[in-house]
Amino acid sequence: MASMLTLRKNNLRISRRSFFTGAEIMKILFVAMTDSIHTARWISQIADQGWDLHLFPSMECGLTSPAFSNLTVHHAIRGKGEGIDRSVKTRGVPLFSDFVSKGVGEVTKRFWPGLHAERLTRLVNRLRPDLVHSLEIQHAGYLTLEAKKKLGRQFPPWIVTNWGSDISLFGRLPEHEPLIRDVLGNSDYYSCECRRDVCLAEAFGFRGAVLPVVPCTGGLDLKDAQSLRTPGPVHARRGIMLKGYQGWSGRALVGLRALERCADALKGYEVFVYSASPEVVMAGQLFKSKTGIPLTVVPPGTPHREMLRLHGCARISIGLSISDGISTSFLEALTMGSFPIQSWTACAEEWAEDGKSVLLVPPEDADVVELAIRRALTDDNLVERAAQFNWETATQKLDMNMLSGMAVDMYRTIALEKGIA
0 MASMLTLRKN NLRISRRSFF TGAEIMKILF VAMTDSIHTA RWISQIADQG
50 WDLHLFPSME CGLTSPAFSN LTVHHAIRGK GEGIDRSVKT RGVPLFSDFV
100 SKGVGEVTKR FWPGLHAERL TRLVNRLRPD LVHSLEIQHA GYLTLEAKKK
150 LGRQFPPWIV TNWGSDISLF GRLPEHEPLI RDVLGNSDYY SCECRRDVCL
200 AEAFGFRGAV LPVVPCTGGL DLKDAQSLRT PGPVHARRGI MLKGYQGWSG
250 RALVGLRALE RCADALKGYE VFVYSASPEV VMAGQLFKSK TGIPLTVVPP
300 GTPHREMLRL HGCARISIGL SISDGISTSF LEALTMGSFP IQSWTACAEE
350 WAEDGKSVLL VPPEDADVVE LAIRRALTDD NLVERAAQFN WETATQKLDM
400 NMLSGMAVDM YRTIALEKGI A
């Protein structure tokens, strides 16, 4: 408990000995996607501290993730809210349908574009939170920036968290680059999950304190995860996991094309596609028809433990995108013993060694991806050694209790530094 995490110069020093000891309850306002499991997993790390936690939607859809607890969510309009924990309070005009709720949010955004920022400004004025923490930049960060400019010096200390491609991709687009600089120039603290993004933030003008680099979705219950792994050697597993994102970033169709070329080596295997875009579902059906290889599309909303179990029965897990942070699915594969084939545009190299515990590939080159799949299918020693190495990494860097403690200490240390305690 006495160990100290010391980051680079002018970065925040977080002591495992520092505790929030003030008589008042710390009040934190998050600005984030209210229907996102990533938002829920981050906030869950501090939900048991007795703090006064509030969440404002970065995108007004009226939906609330059932994974939240001990939180107040401030919608303008809200859907049915089925499955929400009783400890969660939802504000906003109630509607009878989640579908209608999302539609109203879209209409409001189109015809009253400034209303959302005005609502956030009023909420900050009314709540007077000790800290504001925006999770993700392109929606939450830009929105929070508008509110800060309205309130000026009255605005509380602001933590900006970078998700995935927020800077590494969008920072190269001319319409986003000045906005990202404005967000970083106006924020007090910065957090991210890749060391790559610390350097990028500083290059974009951030001069505040950099918080510890940890996964934006928190950690995993490693004991439970281990119980979900298929017993026996990894090379005996007969599953292939493929992340099904296809769009502005995801390149699942490249993965499917590479798997089709490997059909001769996939006899006895089953392919599982999760988070599948509609075009990937269609391509998967054609793959199955053409090759005869069983392919299952994992239903949306599948529980997290079931996703871990699927990684735990897979020999290989494939994730391809033109840009990402430390992909959550990559961390899950790493933990569950499945050999990861990951696009080199993420920051997997900060967690695993190319050619030893991961194969890093270009996201749009099916030829290279095919070669990586064939190697992972035929080299039993590679996948067994990787599983051992990656499990050791998970125990050192992904333990849920360790990362939750770091998150709590992060907020406590900021509170002490800002005189909130």
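Per numbering that gives the first Met the number 0, the very first residue in the sequence shown carries number 0; after that it's consecutive.
From the three backbone atoms N, C-alpha and C, an ideal C-beta is built for every residue, glycine too.
Chain-order list of residues whose beta-carbon lies under 8 Å from that of Leu150 (same chain, five-residue window excluded): When the five nearest sequence neighbours on each side are left out, the beta carbons in the same chain lying within less than 8 Å of the beta carbon of Leu150 are those of Thr120, Val123, Asn124, in order along the chain.
Review point. How long is the line joining the alpha carbons of Val357 and Gly113, rounded to whole angstroms?
Key: Approximately 45 Å between the Cα atoms of the pair.
message = As a quick exercise: from Met281, Val213, Leu142, pick the residue whose alpha carbon is nearest that of Val179.
response = For the sequence presented, residue 179 should be read as Ile rather than Val. The shortest Cα separation from Ile179 among Met281, Val213, Leu142 belongs to Leu142.
Less than 6 Å between C-beta atoms, sequence neighbours within five positions excluded: which residues of the same chain meet that for Ala22?
The pLDDT assigned to Ala22 is 44, lower than 50, so where the model puts this residue is not dependable, and the model offers no usable value.
Practice item. Specify the secondary structure class of Arg77 as computed by DSSP and reduced to three states. Key: Reduced to three states, the DSSP call for Arg77 is strand.
message: I need the boundaries of the beta strand (DSSP E) containing Pro56, first residue and last residue.
response: DSSP places Pro56 in the uninterrupted beta strand (DSSP E) bounded by 51 to 56.
ask   = Taking Cβ positions, are Gly140 and Val182 nearer each other than 9 Å?
value = Cβ distance < 9 Å, so Gly140 and Val182 count as in contact.
- By how many angstroms is the C-alpha of His138 removed from the C-alpha of Ile166? Spanning the alpha carbons of Ile166 and His138 requires a straight line of approximately 13 Å.
Close-in-space but distant-in-sequence residues of the same chain around Phe203 (CB under 7 Å, 5 per side omitted): Cβ-Cβ distances below 7 Å link Phe203 to Ile166, Gly170, Ile179, Arg180, Leu183 in the same chain, with the five nearest sequence neighbours on each side left out; the list follows chain order.
| message | Among the candidates Lys108, Ile292, Ser86, whose CA atom is the shortest distance from the CA of Met58? | response | The residue with the shortest Cα to Cα distance from Met58 is Lys108.
According to the Cβ coordinates, are Leu429 and Ile36 closer than 9 Å?
Outside the displayed range of the chain (0 to 420) lies residue 429, so it cannot be described from this structure.
query: Grouping DSSP H, G and I as helix and E and B as strand, with all else coil, what is Lys417?
result: In the structure shown, Lys417 falls within a coil segment according to DSSP collapsed to helix, strand and coil.
(Q) In this structure, how does DSSP classify Ser2 when only helix, strand and coil are distinguished? (A) In this predicted model, Ser2 has a pLDDT of only 35, less than 50, meaning its place in the structure is not dependable enough to derive any value.
Secondary structure, beta strand (DSSP E): runs of 3+ residues fully inside the region 114 to 155: Runs of beta strand (DSSP E) with 3 or more residues, each lying fully within the region 114 to 155, are found at 130 to 134, listed in chain order.
- prompt: Which same chain residues, not among the five before or five after Glu383, have their C-beta less than 8 Å away from its C-beta?
  reply: Closer than 8 Å at Cβ, skipping near neighbours: Pro232, Val233, His234.
* To do: Grab the span of the beta strand (DSSP E) containing Ala31 for me, first residue to last.
  => Run containing Ala31: 26 to 31, per the beta strand (DSSP E) assignment.
Are the region 398 to 416 and the region 214 to 222 touching by the rule of at least three beta carbon pairs closer than 8 Å?
Contact holds: three or more Cβ-Cβ distances are below 8 Å.
| Roughly how many whole angstroms lie between the Cα atoms of Val159 and Leu134? | The straight-line gap from Cα to Cα measures roughly 7 Å.
Q. Thinking just about the alpha-carbon of each residue, which of Leu70, Ala200, Gly91, Thr334 is nearest to the one in Asp84?
A. That would be Leu70, whose Cα lies nearest to the Cα of Asp84.
Just mark Cys215 as buried or exposed, buried being the case when its beta carbon has 16 or more other beta carbons within 10 Å. The residue in question, Cys215, is buried, as its Cβ has 16 or more Cβ neighbours within 10 Å.
Self-check item: Three CB pairs or more closer than 8 Å across the region 407 to 417 and the region 290 to 305
Solution: Fewer than three pairs of CB atoms, one per stretch, sit closer than 8 Å, so the region 407 to 417 makes no contact with the region 290 to 305.
> In terms of residue numbering, what span does the alpha helix (DSSP H) encompassing Gln284 cover?
Replying inline: Taken as a continuous stretch (DSSP letters only), the alpha helix (DSSP H) holding Gln284 covers 277 to 290.
_Here's the rule I'm using: 16 or more other beta-carbon atoms within 10 Å means buried, otherwise exposed. How should Lys266 be labelled?_
Of the other Cβ atoms in all chains shown, fewer than 16 fall within 10 Å of the Cβ of Lys266; this residue is therefore exposed.
- Item | Residue closest to Lys242, alpha-carbon to alpha-carbon, out of Arg40, Ile317, Arg195 | Considering only alpha carbons, the answer is Ile317.
Contained beta strand (DSSP E) runs [length at least 3] in the region 349 to 382, N- to C-terminal order: As for any beta strand (DSSP E) of minimum length 3 sitting wholly inside the region 349 to 382, the runs are 358 to 360, ordered along the chain.
With a threshold of 8 Å, are at least 3 pairs of Cβ atoms found where one atom belongs to the region 336 to 347 and the other to the region 267 to 287?
Not touching, per the Cβ criterion.
- Item | CA nearest to the CA of Val367, picked from Gly254, Glu348, Asp378 | For Val367, the nearest C-alpha among the options comes from Gly254.
Going by alpha carbons, who is nearest to Gly354 out of Ile372, Asp364, Pro362?
For Gly354, the closest C-alpha among the options Ile372, Asp364, Pro362 is that of Ile372.
Of all the options Val106, Trp111, Trp50, Arg304, which has the alpha carbon lying nearest to the alpha carbon of Ile27? Nearest of Val106, Trp111, Trp50, Arg304 to Ile27, Cα basis: Trp50.
Exercise for review: Indicate whether Tyr188 and Ile413 have their beta-carbon atoms separated by less than 9 Å.
Suggested key: For the pair Tyr188 and Ile413, the CB atoms are nearer than the 9 Å cut-off.
- [ ] Please indicate yes or no: does the CB of Leu210 lie closer than 8 Å to some heavy atom of the ligand GDP?
- [x] The ligand GDP is not part of the structure shown, which contains no ligands of any sort.
- Query: Apart from the five residues on each side of it in sequence, which residues of its chain come closer than 6 Å, Cβ to Cβ, to Arg260?
  - Reply: So the list reads Glu369, once near-sequence residues are dropped.
Open item on the list: For a quick check, are the C-beta atoms of Ala66 and Arg118 less than 9 Å apart?
Closed with: Cβ atoms of Ala66 and Arg118: not closer than 9 Å.
Measure the alpha-carbon distance for Met32 versus Ser96 and round it to whole angstroms. Here the alpha carbon of Met32 sits roughly 19 Å from the alpha carbon of Ser96.
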